[in-house]
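Trainee: In this note's numbering, the protein residues as written are 305 to 566.
Ideal Cβ placement from N, Cα and C applies to all residues, glycine included.
It should be emphasised that the depicted structure is a prediction, and the values quoted were computed from it without experimental measurement.
A single structure is presented below for examination.
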DNA sequence: CTGTTTGTTTGCCG
DNA sequence: TCGGCAAACAAACA
């Protein structure tokens with residue numbers, strides 16, 4: 305699940321639960337998801353409080369009272385769960401809190417990662433992440449995409465270009481902007497890019513304000529043609545043609561062949 | 001058993 | 001050195 309809107313929801317969830325709480329102990333149930341030295345993870349959290357949250361793209365950052373930063377990336381299936389008595393099935397790292405509650409990093413497929421660092425800026429530099437797509441200005445988008453020759457969809461998925469855009473959002477943007485996912489970036493016009501940028505902002509805004517609850521997205525959203533939502537539609541909202549799917553850059557890609565010509 | 005998966009990293013190639 | 005590309009990673013679920 306976790307693309308930008310979900311990670312923003314997790315950030316808000318963290319703010320409403322574990323923020324300002326003190327960590328008694330960190331339990332590393334599966335070291336696979338911990339990128340750093342476990343001793344460093346303990347050092348910056350145990351006997352410390354969670355003081356501040358930030359998010360860039362799909363990365364969540366928590367500054368602790370040790371003045372260091374905890375980074376959480378959710379991979380394909382990660383989430384957070386705050387609980388007292390009912391632990392999630394796949395809690396890989398669990399922060400046991402002084403207040404008797406626990407915050408688990410629940411990650412069934414183990415693609416998620418937890419890491420520690422000196423600052424958010426350091427992480428952003430190290431990962432070469434762009435500005436968060438939700439906050440990005442046109443000028444940066446234009447700069448990041450210009451000169452590229454690859455297919456447009458994989459470029460939108462590139463976190464150095466538009467941090468936070470994931471697979472369904474890229475499909476949603478390209479469908480609403482009526483552009484084929486395999487279109488070469490250098491063959492698109494300024495007008496195409498302005499449409500892509502506008503749709504990106506619009507979709508992210510909608511998804512974040514609906515707290516990434518897919519079922520509540522507008523009926524004409526292409527996401528309802530992926531078989532993920534209760535609506536489970538098959539036809540394009542624009543032209544009524546049946547949507548098709550293919551692989552682009554190795555990723556499942558849904559398009560309307562009528563609306564998205566190469 | 002087979003195929004699929006909302007993400008990122010790595011290594012090869014030009 | 002850089003961009004493009006495909007494979008690898010891991011495990012649950014249908």
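Buried or exposed for residue 342, please, with buried defined as at least 16 other CB atoms from any protein chain shown within 10 angstroms of its CB.
Mentor: By the 10 Å Cβ count, residue 342 comes out exposed.
Trainee: Along the chain, where does the beta strand (DSSP E) containing residue 383 start, and where does it finish?
Mentor: Its beta strand (DSSP E) spans residues 383–387.
Trainee: Anyone know if the C-beta pair for residue 461 and residue 553 falls short of 9 Å?
Mentor: Yes, they are a contact pair.
Trainee: What number of angstroms, rounded off, separates the C-alpha of residue 414 from the C-alpha of residue 561?
Mentor: Their Cα atoms are separated by approximately 35 Å.
Trainee: Taking C-beta to C-beta, are residue 528 and residue 537 nearer than 9 Å?
Mentor: Their beta carbons are under 9 Å apart, which means residue 528 touches residue 537 by this criterion.
Trainee: Cβ of residue 427 within 9 Å of Cβ of residue 366?
Mentor: Not a contact, by the Cβ cut-off of 9 Å.
Trainee: Run through the region 334–368 for me and flag every whole alpha helix (DSSP H) of 4 or more residues, listed as ranges in chain order.
Mentor: Whole alpha helix (DSSP H) segments, 4+ residues: 342–349.
Trainee: Could you check the C-alpha separation between residue 525 and residue 484 for me, to the nearest Å?
Mentor: Approximately 16 Å between the Cα atoms of the pair.
Trainee: Taking all protein chains shown into account, decide if residue 563 is buried (16 or more other Cβ within 10 angstroms of its Cβ) or exposed.
Mentor: With 16 or more other Cβ atoms within 10 Å, it is buried.
Trainee: Should residue 475 go down as buried or exposed, given a rule of 16 or more other Cβ atoms within 10 Å for buried?
Mentor: Residue 475 should be labelled buried.
Trainee: In angstroms with no decimal places, state the Cα-to-Cα distance between residue 443 and residue 556.
Mentor: If you take the alpha carbons of residue 443 and residue 556, they lie about 30 Å apart.
Trainee: Just the C-alpha distance for residue 497 and residue 447, rounded to the nearest angstrom, thanks.
Mentor: Cα to Cα, the separation comes out at about 11 Å.
Trainee: Just checking my contact of residue 437 with residue 504 at CB under 8 Å: how many whole Å lie between their CB atoms?
Mentor: Indeed they touch by this definition, with Cβ atoms about 6 Å apart.
Trainee: If we ignore side chains and look at the alpha-carbon of each, how far apart do residue 455 and residue 326 end up?
Mentor: When rounded, the distance between both Cα atoms is 47 Å.
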